[in-house]
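Since the structure comes first, as structure tokens, the remarks are kept for the end.
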Amino acid sequence: MIFSKTLKHWYSINKRMLPWRQTQDPYFIWLSEIILQQTQVKQGLPYYQAFVAQYPTVFDLAKADESEVLKLWQGLGYYSRARNLHATSKYIVSAFNGEFPNNYKALLKLKGVGDYTASAIASICFNEATAVVDGNVYRVLSRYFGIDTPINSSKGVKEFKALAQELIDKEDPANFNQAIMEFGAVQCTPKNPDCRICPLNKGCIAFNKNRIAELPVKIKSAKAKKKHFNFLVFVSKDQKTVLEKREGKGIWQNLYQFPLVETDKNLDYNQFKTLVKNHTLLEGMPFELLLYNKDVMVHKLSHQHLHTKFWIVNVERLNGNAISVDKIHDFPVPIIIGNFIEAFNF
DNA sequence: AATACGGGGTT
DNA sequence: AACCCAGTATT
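full-length UniProt numbering puts the first residue of the first sequence at 1, with every later residue one more than the last.
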């Protein structure tokens with residue numbers, strides 16, 4: 001009780017002014033929560049503003065092409081969020097005439113909406129007392145109550161959800177949920193929290209046992225796999241190049257890239273030239289091959305380290321699939337491609 | 001229960 | 001280079 005009361009008092013004084021805190025409209029809350037999955041406010045805020053500006057209603061979002069939505073999402077990562085966001089907007093419009101479901105159970109059925117997001121929307125928009133458990137909540141609860149259960153074990157997920165559900169203020173779930181998350185983000189930070197000024201330090205088990213740095217406990221993830229990516233940046237005399245859409249499973253689904261040659265190890269210039277000669281897009285045409293980045297770029301994803309080279313392939317002409325280089329900015333691309341395009345400047 | 005899925009940050 | 005951050009879907 002003292003825990004919830006202190007949290008809410010702290011929140012009333014310390015909460016940041018954020019655009020999604022000015023509304024209870026489920027469209028805006030849903031949009032903000034999807035953007036903020038796995039993402040800090042600092043990184044997500046400009047994307048939220050761009051989406052609100054471009055798609056003021058769920059109908060506007062539903063009318064857009066997926067590619068346009070992905071373009072706006074470009075750089076934010078975890079692109080399935082954008083694909084699911086778009087698919088769900090279409091579903092909300094066609095199945096519910098643009099009206100969002102108004103309870104946790106129904107919200108959970110939406111693509112891209114899991115336990116956390118359903119709880120956030122249900123509590124913030126509809127005052128349903130369902131506890132949110134995001135990374136901030138795991139940290140606050142594990143420290144305050146001194147809980148060692150790994151937060152990413154199935155036991156931990158159940159245990160922390162049950163505890164949060166026990167603690168939630170049933171009269172004011174919206175404020176309680178937002179208070180505990182904001183407290184984790186601002187006061188009970190992952191590294192070096194300033195516990196001297198923490199209003200909860202008296203009852204905090206981790207603080208009193210000097211275990212702040214040890215909690216929360218997390219099971220280590222597997223080491224990232226190393227991959228070797230070679231992008232072929234075609235440039236024709238008439239200023240055309242080639243982009244391909246990534247289909248199927250795997251990273252960057254439905255985003256565009258320069259034709260990719262993946263190798264099982266790093267190849268030097270001559271090895272790669274021999275290999276690329278037989279590429280279908282070259283078909284025995286004469287070409288000039290230049291390595292753009294002398295050092296391999298390492299692009300780090302959660303589960304893959306992409307050792308990447310950009311190869312400039314100068315050719316006389318390209319066939320019908322080529323695009324004019326002025327059009328290149330219209331395509332959604334992964335950030336490593338986007339950075340290259342910006343630097344290369346065609 | 002384990003893994004895939006981005007990109008940004010710190011040490 | 002090694003580490004931390006952290007929701008959902010799939011297998």
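Beta carbons are placed, not taken as given, at the ideal position from N, Cα and C, and that holds for glycine.
Checklist line | Cβ neighbour criterion (16 or more within 10 Å) applied to G248 | finding: By the neighbour-count criterion, in which 16 or more other beta carbons inside 10 Å mark a residue as buried, G248 falls on the exposed side.
Item checked: I212 versus A322 - alpha carbon distance -> 56 Å
Notebook entry, point to check: Just checking, does the segment 9 to 23 make contact with the segment 81 to 98 on the three C-beta pairs under 8 Å criterion?
Noted result: no
Notebook entry, point to check: Between V325 and K265, which are expected to be in contact by the criterion C-beta below 8 Å, what is the C-beta distance as a whole number of angstroms?
Noted result: That pair is no contact at about 31 Å.
Note to self: Check for me: the alpha helix (DSSP H) holding T263 runs from which residue to which?
What the structure shows: Per DSSP, T263 belongs to no alpha helix (DSSP H); it is in the beta strand (DSSP E), 260 to 263.
Next item on the list: Would you identify the three-state DSSP class for T274, choosing helix, strand or coil?
Entry: helix
Notebook entry, point to check: In whole angstroms, what separates the C-alpha of Q38 from that of G250?
Noted result: Computed Cα separation, rounded: 18 Å.
Checklist line | Residue ranges of each alpha helix (DSSP H) within the segment 161 to 193, 4 or longer | finding: 173 to 186
Next item on the list: Return the Cβ separation of I35 and Y47 in integer angstroms, given the expectation that the two are a contact with Cβ distance under 8 Å.
Entry: 5 Å
Check: What residue ranges within the UniProt domain "HhH-GPD" (35 to 186) form continuous alpha helix (DSSP H) runs of no fewer than 4 residues, ordered along the chain?
Finding: 41 to 54, 58 to 63, 66 to 73, 80 to 96, 104 to 107, 115 to 126, 135 to 144, 154 to 167, 173 to 186
Next item on the list: Would you kindly report the start and end of the unbroken beta strand (DSSP E) that includes E288?
Entry: 288 to 291
Check: Going by the beta-carbon positions, is the gap between M285 and V315 smaller than 8 Å?
Finding: It is a contact, given that the beta carbons lie within the stated cut-off.
Next item on the list: Please name the residue in Y91, I168, K111 whose C-alpha comes closest to that of S123.
Entry: Considering only alpha carbons, the answer is I168.
Item checked: Same chain only: Cβ atoms within 6 Å of L110, ignoring 5 sequence neighbours per side -> T88
Next item on the list: Say whether the segment 144 to 161 touches the segment 60 to 72, bearing in mind that this needs 3 or more beta-carbon pairs closer than 8 Å, one atom from each stretch.
Entry: no
Checklist line | Beta-carbon proximity check, L200 vs Y269, cutoff 8 Å | finding: no
Next item on the list: Identify, in the order they occur along the chain, each residue of the same chain with its Cβ nearer than 8 Å to the Cβ of Q22, setting aside the five sequence neighbours on each side.
Entry: Once the five neighbours on either side are set aside, Q22 has no close Cβ partner at all.
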